[in-house]
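Reading through the structure tokens given below for one structure.
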Amino acid sequence: MRTDMYINGKWTGGGGTTFPTHNPANGEIIAELPEATASDVDTAVESARAAFGSPEWAGLLPSQRARLLFKAADLLEERAAEFARLETTDQGQPLAISAGFSVPNAVEHLRYYAGWTTKITGVTTPLSVPDVDHRTRREPLGVCGLITPWNFPLMILVWKLAPALATGNAVVVKPAEQTPLTALLLAEVLDQAGFPPGVVNVVTGGPEAGKALVRHPGVAKISFTGSTAVGREIGAEAGRALKKVSLELGGKAPSIIAADADIDAVIEGNLMSGLLNSGQVCAAATRFYVDSSRADEFAEKMAGAAGSMQLGPGLDESTQLGPVASLEQLEQIVRYVDIGKSEGAQLLTGGSRAEGHLADGYFFQPTVFGGVSQDMRIAREEIFGPVLTVLPYDDPEELAPRANDTEYGLAAYVWSRDIGTANRLAHQVKAGTVWINMPPLLDAGAPWGGMKSSGSGREMGWDAIEAFTEVKSIWTNLA
Ligand code: NAD
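In our numbering, the protein residues as written are 6 to 484.
Below, the structure written as structure tokens:
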């Protein structure tokens, strides 16, 4: 385990105090880490600036950058089990998620963007000007600040890091203070892969470290994933300084279940959409719109399936639902469940912390509320925990307006056996991603990001190459 910051190719304790990171399965402190000061952040940014312009990095051919990324992917894959256990220990997610999804997804992202390095082309454009030739080229931005959340610490970091490096930028990473450990281990892997010192730096700490990075004049771009509230602050700060910024923010995804849907088949997919990673998924389906003639049947079956899921420590291989990532998050979930009860929603299963041998950890029982109405706070605000709401509807025409009646627009799910209905709804819903008749899958090739208050910009695919480069227009006089 690495517990120091990684700056300019060296491991350092920084100049400030420390903070603890906890194992959410038992509340114990795993490690103490440096709280980066503004001066530590400055050192990291300056080393990234020097590396950005250095022959060792800027002078690499695209194929040489590709080789470094492929090497990093191989090293990460070789150490996949170690990364998965560390992620589970620090974040809480069951091994089935960390080993089966988070780490392999990170490996694939590194390989996917290694492939792009040699294909980042510009265009030649036929201008209506005599005797000139015109072409464009994509250039890296400079130092990019990558600020990440605690729900999928390694995977979300790599979504940013892989395209940032593939396009030739240098980065300063600020992982979430609740889950910093896999980012530091990844820095070790990148070091072993041969990235020159200063190309990748990792500073640890909380919001103050993040703010210092956002404010730093040497940072050209901030790529942030986290809450909408913090995203607004970062967007405003970056806007004032005219920095580039990408924001991947919160969500409150609807799952629209048309009257013709096969309820039994739908339950399984929706269980994963709603409760994966104990609901700590920005794209989690948490508002289930069900035809009122079938809403009771759906709610009852959903409650039965959710209530029978195996809750336990993530390192235990039989666990289906792990703890939530922090005590603060647990307290937020408790607050929202109380709000749901006081709003008059019908608690069908769960509703409290787990007891007995799980009482020391941050475990919350999977919870389903029935009879939820559109104006209830549990149906409008992001809870980010294992809390699902079932909202009956009478008229299919009200579905799209109700699904869109939220500030968020990250993801949506549509379940229908009628291809026309499914695709019509997919077009009508304001969301960056829509899954039809399937749980949430991700692939490095499929653009990812939010509409409305769920963010701006897209990660993955070619979109991320655009997000980490800018276009230069070059004219040549042919006369
Ligand atoms: P958060 O906004 O509290 O923190 C995210 C990161 O920002 C952390 O590293 C934190 O230290 C840092 N930070 C906090 N305040 C800051 C400030 N003022 N300036 C700079 N940095 C600051 O979010 P969280 O609680 O860690 O994560 C959960 C949120 O992330 C949820 O809202 C979830 O929906 C969202 N999320 C979105 C996506 C997506 O792809 N859209 C993916 C995962 C999570």
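Virtual Cβ for every residue (Gly too), placed ideally from N, Cα, C.
Being a predicted model, the structure only gives us computed values, none of them experimental.
For M10, the enclosing beta strand (DSSP E) has its first and last residue at M10 to I12. If only complete runs of 3 or more residues are kept, the stretch 162 to 215 shows the beta strand (DSSP E) at 175 to 179 and 205 to 207, in order along the chain. Taking C-beta atoms under 8 Å as the contact rule, L151 and V176 qualify, at a distance of about 5 Å. If one requires a minimum length of 3 residues, the beta strand (DSSP E) runs lying completely within the stretch 321 to 396 are 351 to 354 and 372 to 375, in chain order. Distance from the CA atom of L146 to the CA atom of H432, rounded to whole angstroms, is 34 Å. The closest CA to that of Y398, considering only G309, V295 and P444, is found on V295. Classified as buried, V207 has 16 or more neighbouring CB atoms from the shown chains inside 10 Å of its CB. For the set Y11, P39, Q197 and Q69, the Cα lying nearest the Cα of A77 is the one of Q197.
Along the stretch 33 to 116, the alpha helix (DSSP H) occurs as fully enclosed runs of 4 or more residues at 43 to 57, 60 to 63, 67 to 83 and 85 to 96, listed in sequence order. Around the beta-carbon of I102, 16 or more other beta-carbon atoms lie within 10 Å, marking it buried. For L404, the closest alpha carbon among the candidates W420, F389 and L393 is that of W420. Note that the C-beta distance between S228 and C149 is below 8 Å. In the DSSP secondary-structure assignment, C149 is bridged to V176 and K226. Here D448 carries a coil assignment [DSSP, helix/strand/coil]. Straight-line measurement puts the Cα of S478 at about 45 Å from the Cα of R407.
Within a 10 Å sphere around the beta-carbon of D269 sit fewer than 16 other beta-carbons, which makes this residue exposed. Collapsing the DSSP output to three states places E253 in a strand. Look at T26 here: in three-state DSSP terms it is strand. Residue nearest to K457 within the set G236, G366, A364 and D400 is G236 (criterion: CA-CA distance).
Under the three-pair Cβ rule at 8 Å, the stretch 350 to 358 does not count as touching the stretch 54 to 67. Between I470 and P168, the beta carbon gap of about 6 Å places them in contact (Cβ cut-off 8 Å). In this structure, K248 sits away from L218, with a CB-CB distance that is not shorter than 8 Å. Separation of I441 and R116 (C-alpha to C-alpha, rounded to the nearest whole angstrom) is 28 Å.
Here S313 is not near A472, since their CB atoms are 8 Å or more apart.
When the Cα atoms are used, A85 and W155 turn out to be separated by approximately 19 Å. Counting along the chain, I262 sits inside the beta strand (DSSP E) bounded by residues A258 to I262. Measuring C-alpha to C-alpha distances from T394 to each of D468, V339, D400 and M381 identifies M381 as the nearest. Membership of V439 in the beta strand (DSSP E) is indicated by the continuous run T438 to I441. Relative to the non-hydrogen atoms of the ligand NAD, the Cβ of G19 never comes closer than 7 Å to any of them. Per DSSP, the beta bridge partners of L316 are L326. By the neighbour-count criterion, in which a residue is buried when 16 or more other Cβ atoms sit within 10 angstroms of its Cβ, V377 is buried. The C-alpha of L320 is placed about 27 Å away from the C-alpha of L166. Under DSSP, T129 takes part in a beta bridge, and its partners are R140. Taking 7 Å as the cut-off, one finds no heavy atom of the ligand NAD near enough to the beta carbon of F106. When the alpha-carbon of V439 is set against those of V271, Q98, P259 and G18, the nearest one is in P259.
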